[in-house]
Amino acid sequence: MAWKGHTWHRVDALYLGGLLWVAVLFMWPAWSQPDGLWYPPKAAYSDLTVTHWPNMWFVAQTVREVGEIPLWRPLIMGGAPFVGNPLSALFYPPNWLFTLLPVTLTFHLLFALHLYGAGAALYGLARWSYRCSPFAAFVAGLGYMLTPKVIAHIGAGHVGLSQAFAWLPLTMWLLRSAIGRRSSYRAAWCGAALAVSYMADPRIAFYNGLLLAGYALYRLVDAWRGATWRAARSLAWRVLLVPLVFALVGAVQMYPTLELMATTSRADLSLSEAARDSLPWRYLFGYLVADRGGYHEWMTYLGLLPLGAAIWALWGSQERERWFWAGLAGVSLTFSLGTHGPLYPLLYRLLPGLRWLRVPPRALLLLALAANLLAALGVDALLGHTWSPQGRRWATLGGVAGLVLSAGLGFGFQWMLGGDVPPEIVAFAALGAALMGVFLVTVRRWLPAVAIQAVLGALLLVDLWPVGRSLAGLRPAEQVFAEGAVPAAYLAAQPGRFRVYSPSYSIPQHVGARMGLEQLDGVDPSQLRWLVRFMGLAGGYEVPGYGVTIPHFPDGGDVRTALQGATPDAALLGMLNARFVVAEFPISAPDLILRSREGSSYVYENQRLLPRAYTVSRVEQVGGWEEAQERLGAGHDPADSALVEGGPALEGPPGLGAASVRRFSPNRVVVEAEVSEPSLLVLSEVWYPGWQVTVDGVRQISYRVNGILRGVYLDPGARVVAWQYRPASLRWGALVTLATLATLVLSRMVWRTP
């Protein structure tokens, strides 16, 4: 049967429904254990609990209790901007469900939704853009949504990555439709879709943008060769609409992120830091034999059917663009080798954006897209091929040889290893033999097409389903939240507002978030430079380069004992309102007094604690935050005087004056203080541009104090000081985004084009 590219058939609904059922059933463990959390096999940590669960819990609690969207996150690292953080995904529309539904259940729903969305979008791209048959499009969608690399990243808790993955085929579909139909409106919505992908995960959106740019260049060169200058210019205009609209729609996330990235340690990634986890050459073998339970970053398996059908497409398909997709697969694979290959070091120097990214093997997501689309073309080429008598004989001979080779491999390993054959080898031999058998049946026409399709679909499921199951598993909430719960409960019961510091990750972030603790330590790839350096001084450890944790743990060591030789500085920790230090080992440091043993943890109280807010009447000027921190490291006592950038010196007596925090929320802090002489009010919160301060309702300047804190000058008298986080980057970004979306909607209403 001939399938026309833009015609809907009832069978399409059946196949799309089948993809939905696969997504629902694959996530069955989540429906049977809705409070469980996803972890990699045998791994101690998951980014779901390290980062995303506490983030979304924090968002949901703030919206429900305070009635505002949190733009600042006080939970970890002494406080940091949340609105610009690439991992916050505040403006990704599906994430708004977290404010309505239980947090853990929402993660499960979004994982299932995006798995289905990925498969359905690639089904649509193959079916209605490349005019594949419904079954071939189904093979592409099923293989893509169950790509082991994506399932492995779900197991690792990489929420944004799994969400942005679903947008790759949709943006490609929109771009191809815009070019094919000569529609500027579709090009604009392609840019908007890319912007939404960016809101989910800027890192994968970067690769998405490279994909679209590469395809647009391919089409522009093709148009230049085969059409008039006017046609090529018209195509170029539509193509340029994509990045333009992307930049405008994504402004609400992009502007704050650019502001944050300019201040973080991540902006200075070296080649070795950016190329972390480069794909070793030996993992290319994983395209043939699945690495069950393997490392998510080095997961290469695609399934034998998608791989074989993709290769067949290069020979048997008549689609011209198959060579573009083959080229994309080759470039993605070469790029993923990182420093093990020639391409990544070259692009690192040519593309500035790569200095903000890490882990080159994530480009393999593009290879998964290319391979599964080629698989759809290959399936159609195989099932629709008309064989000549000689071609049928050669194909039969090749099929028999492949069948014998696959079976021989299985029996050979059985003979060499006895009964101890790895299941991956057994699966490769069995599936390889089965696929060769189906190839023979197809060539010889021994079964009708519908039977062959049923067998191929079943083999694809049998291949990918158990591999995916080995890469992600649920752990009960009781187990996940038990780690560090004993010291966390002890600290949560202590009165007052204070921070906690742990040099051994004794209180995981998800536990601390649920207990309402504020921590100086933490895990996040976006860390303010002045905080990173200060915490090295306060924690007594070296900061050799970029890291995702505070404190900085050496690679390969046990985080619970790696810093047992470090001596924390109680005065500097106290300056950041760290009342307690919790460690998995004894600490011998002046002014840290052991208060309790809670489980395996030692809980120390800091005798040099400074309040969350206080006044000083002695102020010394410094030229910058680096100078201030150098003086603190050399022994300057923050309890005697403050070091201020850009503000006037004060010659009052040393010591602290009282101030009280009357209101504290993520976006707003109100402090009351009464002073008898000109003074500086110091708020023990991390300084960052965008915090606006008023004194008795009059706007004032918020100064950076002691290289890291906030401060404002007070005249004598009783004063009410309010800090409000209102970054200009967000205001302008939101204005640009809303105006662009309104323009797109209105243009559709008044200018209806195909």
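Numbering (our numbering), first residue to last: 396 to 1149.
Ideal Cβ placement from N, Cα and C applies to all residues, glycine included.
Proximal residues to residue i (C-beta, below 7 Å), its chain only, five neighbours per side dropped
| i | result |
| --- | --- |
| P740 | L666, T734 |
| Q959 | F980 |
| A646 | G1128, V1131, T1132 |
| Y999 | F975, V976, I982, L987, I988, L989, R990 |
| A829 | L854 |
| L1136 | V644 |
| G519 | W568 |
| A588 | W562, L565, T566, L569 |
Residue i to residue j span [Cα, whole Å]
| i | j | result |
| --- | --- | --- |
| R1114 | E1046 | 21 Å |
| L411 | L912 | 45 Å |
| D950 | A475 | 25 Å |
| G1050 | A1037 | 10 Å |
| L570 | V454 | 34 Å |
| I574 | L615 | 10 Å |
| N480 | R468 | 10 Å |
| L1141 | L639 | 18 Å |
| P1006 | L443 | 33 Å |
| M649 | D430 | 33 Å |
| M396 | L537 | Confidence at M396 is low in this model, with a pLDDT of 40, below 50, so its placement is unreliable and the value that follows should be read with caution. About 22 Å. |
| L414 | G931 | 50 Å |
| V554 | T791 | 46 Å |
| V406 | F530 | 9 Å |
| P1111 | L1004 | 26 Å |
| K399 | F533 | A caution first: K399 carries a pLDDT of 48, below 50, which makes its placement in the model unreliable, though a value can still be read off. For K399 and F533, the distance between alpha carbons rounds to 16 Å. |
| K544 | F948 | 27 Å |
| S528 | F601 | 31 Å |
| L1210 | P435 | Examination of residue 1210 is not possible in this model, given that the chain is present from 396 through 1149 alone. |
| H503 | W433 | 9 Å |
| L968 | L1078 | 14 Å |
| L745 | A611 | 20 Å |
| W675 | G832 | It should be noted that the sequence gives Pro, not Trp, for residue 675. Using only the alpha carbons, I get a separation of about 33 Å. |
Range of the contiguous alpha helix (DSSP H) that encloses residue i
| i | result |
| --- | --- |
| S572 | 562–575 |
| F975 | Per DSSP, F975 belongs to no alpha helix (DSSP H); it is in the beta strand (DSSP E), 973–978. |
| A770 | 759–778 |
| R405 | 405–421 |
| Y885 | 880–887 |
| G474 | Element bounds for G474: n/a, residue is neither H nor E. |
Run of the beta strand (DSSP E) containing residue i, from where it starts to where it stops
| i | result |
| --- | --- |
| G1047 | 1045–1060 |
| N450 | Not the beta strand (DSSP E): N450 falls in the alpha helix (DSSP H), residues 448–460. |
| T1089 | 1086–1090 |
| E463 | Taken as a continuous stretch (DSSP letters only), E463 belongs to no beta strand (DSSP E), as it is neither H nor E. |
| L835 | Counting along the chain, L835 falls outside any beta strand (DSSP E), though it belongs to the alpha helix (DSSP H) covering 818–839. |
| A1113 | 1112–1120 |
| R1063 | 1063–1070 |
Residues near residue i in its chain [Cβ-Cβ closer than 6 Å; skip 5 each side]
| i | result |
| --- | --- |
| V1065 | R1057, R1058, A1117 |
| I945 | M472, D916, G917, M930 |
| T501 | L492, F493 |
| L859 | L541, G698 |
| V634 | A611 |
| G736 | T729 |
Residue i at chain C interface by Cβ criterion, 8 Å
| i | result |
| --- | --- |
| L508 | In the structure shown, chain C does not exist; there is a single protein chain. |
Sequence-distant residues of the same chain with beta carbon closer than 8 Å to residue i, five excluded per side
| i | result |
| --- | --- |
| T1148 | Confidence in T1148 is poor, its pLDDT being 49 and thus under 50, which makes the residue's placement too unreliable to answer from. |
| L742 | F730, L749 |
| S1124 | G479, Y650, P651, L653, E654, G1085 |
| W403 | none |
| W350 | Shown here, the chain extends from 396 to 1149; a query on residue 350 therefore has no answer. |
Looking at C-beta atoms only, is the number of pairs between the region 760–779 and the region 697–716 that lie closer than 8 Å three or more?
-> Result yes; three or more Cβ-Cβ pairs closer than 8 Å.
Only counting runs of 4 or more residues, tell me where the alpha helix (DSSP H) segments fall wholly within the region 642–676, in order along the chain.
-> 646–656, 666–669, all fully within the region 642–676.
Only counting runs of 3 or more residues, tell me where the beta strand (DSSP E) segments fall wholly within the region 893–938, in order along the chain.
-> 894–896, all fully within the region 893–938.
Can at least three beta-carbon pairs, one atom from the region 653–669 and one from the region 918–925, be found at a separation below 8 Å?
-> Segments in contact, yes.
Taking contact to mean at least 3 C-beta pairs separated by less than 8 Å, is the region 880–896 in contact with the region 984–996?
-> Counting Cβ pairs under 8 Å, three or more are found: they touch.
Specify whether the region 495–511 and the region 412–430 touch according to this definition: at least 3 beta carbon pairs, one from each stretch, less than 8 Å apart.
-> With a cut-off of 8 Å, the region 412–430 and the region 495–511 count as touching, because enough Cβ pairs lie within range.
Curious, which full-length alpha helix (DSSP H) runs of at least 4 residues does the region 578–632 contain?
-> Restricted to the region 578–632, the alpha helix (DSSP H) segments that are unbroken, complete and at least 4 residues in length are 579–595, 597–621, listed in chain order.
Check whether the region 450–464 touches the region 490–509, counting contact only when three or more Cβ pairs, one atom from each stretch, lie closer than 8 Å.
-> Verdict: yes, contact present.
contact_flag[the region 675–690, the region 817–829] where n(CB pairs < 8 Å) is 3 or more = The answer is yes - the region 817–829 touches the region 675–690, with three or more Cβ pairs under 8 Å.
Segments of 4+ residues assigned as alpha helix (DSSP H) that fall wholly inside the region 693–749 | Secondary structure remark: continuous alpha helix (DSSP H) runs of at least 4 residues inside the region 693–749, in chain order: 699–711, 717–731, 738–745.
State whether the region 860–878 contacts the region 706–716, with contact taken as three or more CB pairs (one from each stretch) at a distance under 8 Å.
-> Contact fails: fewer than three Cβ-Cβ distances are below 8 Å.
Pairing CB atoms from the region 751–759 with CB atoms from the region 686–696, are three or more of them under 8 Å?
-> Touching, per the Cβ criterion.
Check whether the region 1020–1038 touches the region 1083–1103, counting contact only when three or more Cβ pairs, one atom from each stretch, lie closer than 8 Å.
-> A contact exists between the region 1020–1038 and the region 1083–1103.
Whole runs of the beta strand (DSSP E) within the region 941–1014, excluding any shorter than 3 residues = Taken in chain order, the complete beta strand (DSSP E) segments of 3 residues or longer contained in the region 941–1014 are 973–978, 987–993, 996–1001.
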